[in-house]
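Undergrad: Take 682 as the starting number for the sequence shown in this note's numbering and just add one per residue.
Positions of the beta carbon are idealized from the N, C-alpha and C atoms, including for glycine.
Note that the structure is predicted; figures quoted are calculated from it, not measured.
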Amino acid sequence: MIEFIHVSKKYGTHSAINDVSFFIDRGEFVTLVGPSGSGKSTLIKLLIAEEKPTGGQIVVAGRDITTLSSRELPFYRRKIGVVFQDYKLLPHKTVAENVAFALEVSDTSGPEVLAKVPEILEMVGLKDKGKSMPDELSGGEQQRVSIARALVHQPKLLIADEPSGNLDPINTWEIIELLFKINKSGTIVLLATHDKEVVDALKKRVITLRDGKIVADQVKGKYVL
Numbered sequence: 682m683i684e685f686i687h688v689s690k691k692y693g694t695h696s697a698i699n700d701v702s703f704f705i706d707r708g709e710f711v712t713l714v715g716p717s718g719s720g721k722s723t724l725i726k727l728l729i730a731e732e733k734p735t736g737g738q739i740v741v742a743g744r745d746i747t748t749l750s751s752r753e754l755p756f757y758r759r760k761i762g763v764v765f766q767d768y769k770l771l772p773h774k775t776v777a778e779n780v781a782f783a784l785e786v787s788d789t790s791g792p793e794v795l796a797k798v799p800e801i802l803e804m805v806g807l808k809d810k811g812k813s814m815p816d817e818l819s820g821g822e823q824q825r826v827s828i829a830r831a832l833v834h835q836p837k838l839l840i841a842d843e844p845s846g847n848l849d850p851i852n853t854w855e856i857i858e859l860l861f862k863i864n865k866s867g868t869i870v871l872l873a874t875h876d877k878e879v880v881d882a883l884k885k886r887v888i889t890l891r892d893g894k895i896v897a898d899q900v901k902g903k904y905v906l
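(1) List in chain order: all unbroken beta strand (DSSP E) runs of 3+ residues lying wholly within the region 711 to 797.
(2) Suppose the cutoff is 8 Å on Cβ atoms and the five residues either side in sequence are ignored; what does the same chain contact list for P734 look like?
(3) Could you give the DSSP three-state label for K877: helix, strand or coil?
(4) Quick check on the DSSP output: the beta strand (DSSP E) that includes K894 runs from which residue to which?
(5) Determine the DSSP secondary structure at L871, reduced to helix, strand or coil.
(6) Tell whether a beta-carbon distance below 8 Å holds between L871 and I828.
(7) Can we say the region 795 to 802 touches the region 837 to 844, given the rule of at least three CB pairs closer than 8 Å?
(8) Here's a check: name, in chain order, each residue in its chain whose Cβ is nearer than 6 Å to the Cβ of T868, leaving out the five neighbours to either side.
(9) Tell me, please, which residues DSSP counts as bridged to K691.
(10) Have a look at E803, V880, G720 and E778 and flag the residue whose alpha-carbon is nearest the alpha-carbon of V794.
(11) Tell me which residue opens and which closes the beta strand (DSSP E) that R830 is part of.
(12) Should V905 be labelled buried (16 or more other beta-carbon atoms within 10 Å of its own) or exposed?
(13) Report the CB separation of V776 from L807 in whole angstroms; it is logged as a contact under 8 Å.
(14) For Q899, which residues from the same chain have a beta carbon less than 6 Å from its beta carbon, with the 5 sequence-adjacent residues on both sides left out?
(15) For L890, list the residues DSSP reports as bridge partners.
(16) Would you mind stating whether T889 and V701 have Cβ atoms separated by less than 8 Å?
(17) Going by DSSP in three states, L838 sits in which element: helix, strand or coil?
(18) Please classify Y768 as buried or exposed, where buried requires at least 16 other C-beta atoms within 10 Å of its C-beta.
(19) So, at 8 Å on beta carbons, what are the nonlocal neighbours of L754 in its own chain, with the 5 sequence-adjacent residues on each side left out?
(20) How should E822 be labelled, buried or exposed, when 16 other C-beta atoms within 10 angstroms of its C-beta is the threshold for buried?
(21) Measure the alpha-carbon distance for K894 versus S696 and round it to whole angstroms.
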């Protein structure tokens with residue numbers, strides 16, 4: 682489903698990613714770990730086609746995304762859901778409007794938006810929060826809205842980049858449980874995190890980056906740096 686083939690990325694003389702190769706199959710839950718500057722953020726940018734590699738291929742669902750044209754990029758990105766640490770919600774829109782906006786910008790019809798938004802909010806446990814404003818929600822609830830927005834196009838891949846970085850332990854595990862639920866529906870989940878406790882408890886595949894290289898790829902791994 683997702684394959685990095687000898688991928689490298691340089692910024693000037695600095696090598697952010699160096700000859701990285703790995704494969705992620707359908708339905709996997711993969712944790713990406715590594716110290717600051719290890720290359721995690723660059724790898725994610727490459728996967729969402731925000732950056733192009735200096736060398737190598739990135740193949741997603743049989744297509745080399747490094748060759749996508751600017752016209753093709755929006756369609757590719759709709760197949761990927763991305764969740765960030767800082768939520769990135771629109772502060773002057775309600776919860777429902779935040780989720781609807783992700784559909785509206787892709788020209789989804791009004792009736793389809795009205796049908797989809799309540800379904801997605803119920804999926805993330807926010808069916809009664811549609812009329813709330815983001816600043817009326819807890820951090821965990823705001824992250825759930827962010828996840829709901831990432832799911833509107835039923836992505837084959839969900840990238841969660843430090844999704845619990847601003848959350849307390851209880852909300853952290855609620856978000857992790859939600860990611861498990863999404864993964865069980867068949868969506869690949871790629872979780873980038875610094876949280877050792879989460880990684881060790883998950884007992885899922887762990888890819889460890891250091892200095893732009895993969896130094897470990899464990900089927901049921903632990904956070905070891």
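TA: Reading off the structure:
(1) 736 to 741 and 761 to 764
(2) V688, S689, K690, I698, L727 and T747
(3) helix
(4) K894 to Q899
(5) strand
(6) no
(7) Look at the beta carbons and you see the region 795 to 802 not touching the region 837 to 844: under three pairs across the two are nearer than 8 Å.
(8) L839, listed in sequence order.
(9) S696
(10) E778
(11) Premise fails: R830 lies in the alpha helix (DSSP H), G820 to A831, not in any beta strand (DSSP E).
(12) Burial check for V905: the Cβ neighbour count within 10 Å stays below 16, so the residue is exposed.
(13) 6 Å
(14) V887
(15) I895
(16) no
(17) strand
(18) Classification for Y768: buried.
(19) A730
(20) buried
(21) 10 Å
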